[in-house]
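Asks: Provided herewith is a single structure, encoded as structure tokens, for subsequent inquiry.
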Amino acid sequence: MKKRSAIITGVAGLAAAALALTGCSTGGNGTATGGATVTQAQITKAMNTHTTITFWDWAPGLDGEIAAFEKKYPKIKVDLVNAGQGGTEYTKLQAAVQAGKGAPDVVQLEYSELPSFVVSKSLLDLVPYGANSVKPLFTDGAWADVSQGASVYGVPQDSGPMVFMYRSDILASAGITSAPATWDDFLTDAATVKAKTGSYLADFGPTDPEQLVGLFQQAGAKPFAYDGKKTVTIDLTSAKVKSVADFLTKMFQSGDVATDPAWTNDWYQGFSKGQYAGWIVGAWGPDDLTGSAGNTSGKWTAAALPQWSAGQNSGGNWGGSADAVLKSSPNKIASYEFVKYLNSNATSAAELNSNPKSALFPTTISTLNSSAFTSQTADFFGGQAYNKVAASVSKTVNPSFQFIPYWNYAQSEWGDTVGKAITARGDIYTALQAWAQVLVTYGQQQGFTVKQ
Amino acid sequence: MTAISIAKRRVTEAPGPTRRRKHRSTTAPYWFIAPFLILFVAMLLVPIGYALYLSLFRSQIIGGQVFVGIANYVQAIGDSQLWTGVGRVLLYLVIQVPIMLALALFFALALDSGRVRGSRFVRLMLFVPYAIPGVISTLMWGYFYGHDFGLIAQIFRAVGLNPPDLLSAQNVLGSMMNISTWQYVGYNMIIIYSALRAVPVELYESAALDGAGQWRLAWSVKIPQVRNSILLCVVFSIIGSFQLFTEPSLLNPLSPVVINTSYLPTYYAYNLAFINQQSNYAAAVAFILGFSIMIVSYVVQVTTQRRALRG
Amino acid sequence: MTAAGIAKSQRRPRKDRKSTILTVALWTCCIYFIAPFVWLVLASTKNDTDLFNTFGLWVGKTFAFFGNLGTVFSFENGSFGLWLLNSAFYAVASAVGAVILATLAGYAFAKYRFAGRRAIFSVVLGAIMIPGTALALPTYFLFANLNITNTPWAVILPSVVNPFALYLIMVYAQDAVDESLVEAARLDGASEFRIFWQIAVRLLAPVMVTVLLLALVSTWNNYFLPLIMLNQSTLYPVTVGLAQWAASSNAGGGARVLFSTVITGSFISILPLIVSFLYLQRYWQSGLSTGGVKG
Numbered sequence: 001m002k003k004r005s006a007i008i009t010g011v012a013g014l015a016a017a018a019l020a021l022t023g024c025s026t027g028g029n030g031t032a033t034g035g036a037t038v039t040q041a042q043i044t045k046a047m048n049t050h051t052t053i054t055f056w057d058w059a060p061g062l063d064g065e066i067a068a069f070e071k072k073y074p075k076i077k078v079d080l081v082n083a084g085q086g087g088t089e090y091t092k093l094q095a096a097v098q099a100g101k102g103a104p105d106v107v108q109l110e111y112s113e114l115p116s117f118v119v120s121k122s123l124l125d126l127v128p129y130g131a132n133s134v135k136p137l138f139t140d141g142a143w144a145d146v147s148q149g150a151s152v153y154g155v156p157q158d159s160g161p162m163v164f165m166y167r168s169d170i171l172a173s174a175g176i177t178s179a180p181a182t183w184d185d186f187l188t189d190a191a192t193v194k195a196k197t198g199s200y201l202a203d204f205g206p207t208d209p210e211q212l213v214g215l216f217q218q219a220g221a222k223p224f225a226y227d228g229k230k231t232v233t234i235d236l237t238s239a240k241v242k243s244v245a246d247f248l249t250k251m252f253q254s255g256d257v258a259t260d261p262a263w264t265n266d267w268y269q270g271f272s273k274g275q276y277a278g279w280i281v282g283a284w285g286p287d288d289l290t291g292s293a294g295n296t297s298g299k300w301t302a303a304a305l306p307q308w309s310a311g312q313n314s315g316g317n318w319g320g321s322a323d324a325v326l327k328s329s330p331n332k333i334a335s336y337e338f339v340k341y342l343n344s345n346a347t348s349a350a351e352l353n354s355n356p357k358s359a360l361f362p363t364t365i366s367t368l369n370s371s372a373f374t375s376q377t378a379d380f381f382g383g384q385a386y387n388k389v390a391a392s393v394s395k396t397v398n399p400s401f402q403f404i405p406y407w408n409y410a411q412s413e414w415g416d417t418v419g420k421a422i423t424a425r426g427d428i429y430t431a432l433q434a435w436a437q438v439l440v441t442y443g444q445q446q447g448f449t450v451k452q
Numbered sequence: 001m002t003a004i005s006i007a008k009r010r011v012t013e014a015p016g017p018t019r020r021r022k023h024r025s026t027t028a029p030y031w032f033i034a035p036f037l038i039l040f041v042a043m044l045l046v047p048i049g050y051a052l053y054l055s056l057f058r059s060q061i062i063g064g065q066v067f068v069g070i071a072n073y074v075q076a077i078g079d080s081q082l083w084t085g086v087g088r089v090l091l092y093l094v095i096q097v098p099i100m101l102a103l104a105l106f107f108a109l110a111l112d113s114g115r116v117r118g119s120r121f122v123r124l125m126l127f128v129p130y131a132i133p134g135v136i137s138t139l140m141w142g143y144f145y146g147h148d149f150g151l152i153a154q155i156f157r158a159v160g161l162n163p164p165d166l167l168s169a170q171n172v173l174g175s176m177m178n179i180s181t182w183q184y185v186g187y188n189m190i191i192i193y194s195a196l197r198a199v200p201v202e203l204y205e206s207a208a209l210d211g212a213g214q215w216r217l218a219w220s221v222k223i224p225q226v227r228n229s230i231l232l233c234v235v236f237s238i239i240g241s242f243q244l245f246t247e248p249s250l251l252n253p254l255s256p257v258v259i260n261t262s263y264l265p266t267y268y269a270y271n272l273a274f275i276n277q278q279s280n281y282a283a284a285v286a287f288i289l290g291f292s293i294m295i296v297s298y299v300v301q302v303t304t305q306r307r308a309l310r311g
Numbered sequence: 001m002t003a004a005g006i007a008k009s010q011r012r013p014r015k016d017r018k019s020t021i022l023t024v025a026l027w028t029c030c031i032y033f034i035a036p037f038v039w040l041v042l043a044s045t046k047n048d049t050d051l052f053n054t055f056g057l058w059v060g061k062t063f064a065f066f067g068n069l070g071t072v073f074s075f076e077n078g079s080f081g082l083w084l085l086n087s088a089f090y091a092v093a094s095a096v097g098a099v100i101l102a103t104l105a106g107y108a109f110a111k112y113r114f115a116g117r118r119a120i121f122s123v124v125l126g127a128i129m130i131p132g133t134a135l136a137l138p139t140y141f142l143f144a145n146l147n148i149t150n151t152p153w154a155v156i157l158p159s160v161v162n163p164f165a166l167y168l169i170m171v172y173a174q175d176a177v178d179e180s181l182v183e184a185a186r187l188d189g190a191s192e193f194r195i196f197w198q199i200a201v202r203l204l205a206p207v208m209v210t211v212l213l214l215a216l217v218s219t220w221n222n223y224f225l226p227l228i229m230l231n232q233s234t235l236y237p238v239t240v241g242l243a244q245w246a247a248s249s250n251a252g253g254g255a256r257v258l259f260s261t262v263i264t265g266s267f268i269s270i271l272p273l274i275v276s277f278l279y280l281q282r283y284w285q286s287g288l289s290t291g292g293v294k295g
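Pasting the structure below:
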């Protein structure tokens, strides 16, 4: 769930083979040995042994699915812990991994963070545990997100195809009755809405790199790459990045969209009071507003993102996460069986994603195509079949997108470079270069080979 | 002379009877101090030593740990982010600490003068914020500071004024100062007030007989009498300023661009260690910080001592 | 005037004239100190929508206090109750430990002459200047190396060493523990430890209470140390837990918007301290005067 997506594409076979080797631990109960595939007998034994699996996940509403798993495997108990959301959790996980204790068996990681834990060799390669057998159940994009060469480091839990959600009542009072088709239309509409109603058509927070990175992805840019070993590529000078950045500069400088930090008390109130008439966000977004801006329920409409050129149909992704098993876990088989059940078991996955509280947008093909899912209407959207909109967007998201293996750092530095430019409504392209420079320097300091 | 240097002086004067006991040597005092001393060494000296040791290395995500000598310190000296943060602390020191202590002194004197109705209640109200964890007071004030819909902005608009952006680059440090002031005025007030209550009555009576008014009484009799308490407050406030962490870390989500990862030094050290994964450099920064605070506190003590000698 | 004397004398009778200007001025200042509490009490009765749509210093459209209370204690399997207990445990364990260590050592420094006394005391006194936060990171690195992070010890042990407490007790003990009493007990053949236990502790009780309160508050309110030391939600004190809930509202991402839950939790977690302040105010005064007044 939440923000960020990354898609770790398949890389060179050699690198993959090397990783597959390091990915397998040796010996021990409930462990694949020497790269050999776990046998059914081993699985049966593990699933009939008293085991407690510690599971870090911040998504709400998982209790029902966990209970179903525990009912199916009565010997296994799942201890769900909210170790904080996003960065908070990664910081804790990093500390636990370094300390060699205190890490959970299973952890929720956003796709953008997976490489950071792959590089520290903290995650278990799930291929020997049978991960490839569930591959056909997931969308290509989601599966690419959890794969690194021939290794698989997690089972997709959710994704964040980006939508434009807007207050149809505010837009209507400005005379706008349909969502903007292109970004140029978006800019025109923003000016109209601002002039006629005083509301901003959207807010772009200064601390959410993945919101803008999602737009780069939509435009077909590939700013980052990581080979799974030592080589990181950072390219924020491509023509595609530049044209998106220049558009953003123009949009921010128009003053017709807001640039307030997201998720602050003030920001929630901004939605509640109609200061913001729309939001460009991953499919998980609406759930953030149903409580604090509950008074606006029913007035919203969701649409696909505006396009970079007319007639295109391309999507971006912001967020989404996988459940990964830690290499340090003593219960590897049971942990894998758990994440597999939670995210790919037909009933569990469907329930997980239709659970309005979990805000997990599905990654399984069967759910995305099921009419029960796509026909579900949302009161917040005035009865619109929200899932259908997001599901169709998810099919247009460019799946070959990668992140760098120190994304947590990249996010914290974003505010000081691009974030400042957003707030000051300055030049985004220049600021992106400053950010890139920081990331290159840090990467080199940390021993990576950085290509630009 | 400061409270602490007084203690130093006092501890060197052996109380009479103990001298008599000298030849009756006993190991008792060592047993008494042993538990404290052992933990003192383990929890203070060993960590400092270990941090010093760590700060001589550098570790990489790829490549592991290597000995780099004083390279981390060289880096820190040239680290403009660190020194900008230290600069903010110094600004904090010269603005917030005097304001807070002046208020504390004023309240203490006012309450001690016995001329305030309901002084017991007032005293308690001033002191109660000290009971609030910094986390909670920062969260609360965070609700008041919001530019568009914060409580303060609401009140400004209600009376037809344009609200200031309390979380902007110019104002956010002041907003943090306000939180500390709100929280610690009462604590400092109680320290000074307690000292005032202990000033011998005769001193007041003789001054009152001379016809001194309340203000003169405060200035020339009371304040000199509680000078040491005030100095104690000063030293603690200095130490507190360098430690500011809760305020930047909890206000950061509200003003993420202004309060960057290096906004204040302790917050910077934390981010270095936990976000940037540069624990060795963080150790060097923590070491430099601890050292600077000791120097500043020491300088304050020495200068005030000199002034006391002159005065 | 001696420290012991101060503690005992509740000085001069009051018959001063009351000043209206001063009274008005101080009561006005009180508004500044009280307003946040008023807001907190009112906000804890609102749901998220009211919180953002009604004036902060007035009641909301609904009365959601009991609903919020239920959420606070039931959310995440009742973590909040556990956090309160953890806070209480850490605070009591640290404070009691700090008082015991500081009293033993403070008494020894005040009442004995022994080799190394001056040197050791100087070092301990200098340590008052070391800020706890700057020290916390080194301590964390050490504890991580020793593998005792993520245990209650990681929070309690560093809080037990309190040089300022030692200093307060030492200063107080110099005057409060009468030499002649000690000598008389020695002549009766009492052991040094028995003298400490039966005479000194009784005389030092007031300052011990002050030190206990200071340590309780500082541990209960501590955020940085438990934040870095603890990784596991079940070990959190209430400060770290609430901050994490608050952060999850600010982190966004379809997760948990917990504003009114955090506010109600904040309200509950400050109640114990406020109540104890109301009851124990006089101890603050007597004890804190000890440290600064001398000279």
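Protein chains in written order, with the numbering used here: chain A, 1 to 452; chain B, 1 to 311; chain C, 1 to 295. Think of the CB as a built atom: it goes at the ideal place given N, C-alpha and C, for glycine as much as any other residue. Since the structure is predicted, the reported quantities are computational estimates derived from the model, not experimental observations.
1. Under 8 Å, do Val-257 of chain C and Asp-63 of chain A count as touching if we go by C-beta distance?
2. Return the residues of the stretch 128-154 of chain B that lie within a Cβ-Cβ distance of less than 8 Å from chain C, sorted by chain order.
3. Between the beta-carbon of Val-118 of chain A and the beta-carbon of Pro-405 of chain A, is there less than 8 Å?
4. Assuming Trp-318 of chain A is part of the beta strand (DSSP E), what are its boundary residues?
5. Against chain A, which members of the stretch 141-156 of chain C pass a CB distance test of less than 8 Å?
6. Leaving out five residues on either side along the sequence, give the residues of the same chain with a beta carbon under 6 Å from the beta carbon of Gly-28 of chain A.
7. Can you check which of these residues, A:Phe-361, A:Val-418, A:Ser-238, A:Glu-210, is closest to Pro-286 of chain A by C-alpha distance?
8. What does a CB cutoff of less than 6 Å around Leu-54 of chain B pick up in its chain, not counting 5 residues either side in sequence?
9. Near Trp-39 of chain C, which residues of its chain fall below 8 Å by C-beta distance, leaving aside the five closest residues on each side in sequence?
10. Taking the straight line between their C-alpha atoms, what separation do you get for Tyr-279 of chain C and Leu-213 of chain C?
11. Express the C-alpha separation of Lys-194 of chain A and Ala-303 of chain A in angstroms, rounding to a whole number.
12. So that I know if they touch, is there some Cβ in chain E lying closer than 8 Å to that of Ser-297 of chain B?
13. Please list the partners that Gly-415 of chain A has in chain B, where partner means a Cβ-to-Cβ separation under 7 Å.
14. Tell me which same chain residues have a C-beta within less than 7 Å of the C-beta of Trp-414 of chain A, skipping the five on either side of it?
15. Can you check which of these residues, B:Val-221, B:Ile-191, B:Leu-103, is closest to Glu-205 of chain B by C-alpha distance?
16. What first and last residue would you give for the beta strand (DSSP E) that runs through Tyr-73 of chain A?
17. Going along chain B in order, which residues have a C-beta closer than 9 Å to the C-beta of Tyr-406 of chain A?
18. Note down, in chain order, each residue of its chain lying with its Cβ closer than 6 Å to the Cβ of Trp-143 of chain A, except the 5 sequence neighbours on either side.
19. For Tyr-226 of chain A, does the count of other Cβ atoms within 10 angstroms reach 16, so buried, or fall short, so exposed?
20. Three or more C-beta pairs closer than 8 Å, one from the stretch 194-208 of chain B and one from the stretch 133-148 of chain B: is that the case here?
21. Looking only at C-alpha atoms, which of A:Asn-369, A:Ser-297, A:Asp-323, A:Gly-383 sits nearest to Val-393 of chain A?
22. Within the stretch 86-123 of chain A, note down every full alpha helix (DSSP H) run reaching 4 residues or more, in order along the chain.
23. Val-207 of chain C to Phe-36 of chain B, Cα distance in whole Å?
24. Identify every run of the alpha helix (DSSP H) within the stretch 25-61 of chain B, keeping only runs that are complete inside it and at least 4 residues long; order them along the chain.
25. When the Cα of Ile-223 of chain B is compared with those of B:Gly-240, B:Val-199, B:Phe-242, B:Ser-237, which residue comes out closest?
26. Quick one: using the 10 Å Cβ neighbour count with 16 as the cut-off for buried, is Gly-240 of chain B buried or exposed?
27. DSSP state of Gly-64 of chain A, grouped into three classes?
28. List the residues that DSSP assigns as beta-bridge partners of Gln-243 of chain B.
29. Check each candidate in A:Ser-329, A:Asn-345, A:Gln-433 and name the one with the smallest Cα separation from Gly-102 of chain A.
30. Going by beta carbon distance, what residues of the same chain come within less than 7 Å of Tyr-223 of chain C, once the five residues before and after it are set aside?
31. Under the rule that 16 or more other beta-carbon atoms within 10 Å means buried, what is Gly-211 of chain B, buried or exposed?
32. Going straight from the alpha carbon of Asn-317 of chain A to that of Gln-211 of chain A, what length do you get?
Replies: If we stick to the structure as given:
1. no
2. Val-128, Pro-129, Tyr-130, Ala-131, Ile-132, Pro-133, Gly-134, Val-135, Ile-136, Ser-137, Leu-139, Met-140, Trp-141, Tyr-143, Phe-144, Phe-149, Leu-151, Gln-154
3. yes
4. 317-325
5. Ala-144, Asn-147, Thr-149, Asn-150
6. Since pLDDT at Gly-28 of chain A reaches only 41, below the 50 mark, its modelled position is unreliable, and the value read off the structure follows with that caveat. Within the same chain, Gly-28 of chain A has no close Cβ partners at all.
7. A:Phe-361
8. Asn-280, Ala-283
9. Gly-56, Leu-57
10. 12 Å
11. 20 Å
12. Among the protein chains in the structure shown, which are A, B and C, there is no chain E.
13. Pro-256, Val-257, Asn-260
14. Thr-207, Pro-209, Trp-435
15. B:Val-221
16. No beta strand (DSSP E) contains Tyr-73 of chain A, which DSSP labels as neither H nor E.
17. Ile-61, Asn-276, Gln-277
18. Lys-135
19. buried
20. no
21. A:Asn-369
22. 87-99, 114-119
23. 18 Å
24. 28-40, 46-54
25. B:Val-199
26. buried
27. helix
28. DSSP, once it has assigned bridges, lists no residue as partnering Gln-243 of chain B.
29. A:Ser-329
30. Thr-239, Val-240, Ala-243
31. exposed
32. 8 Å
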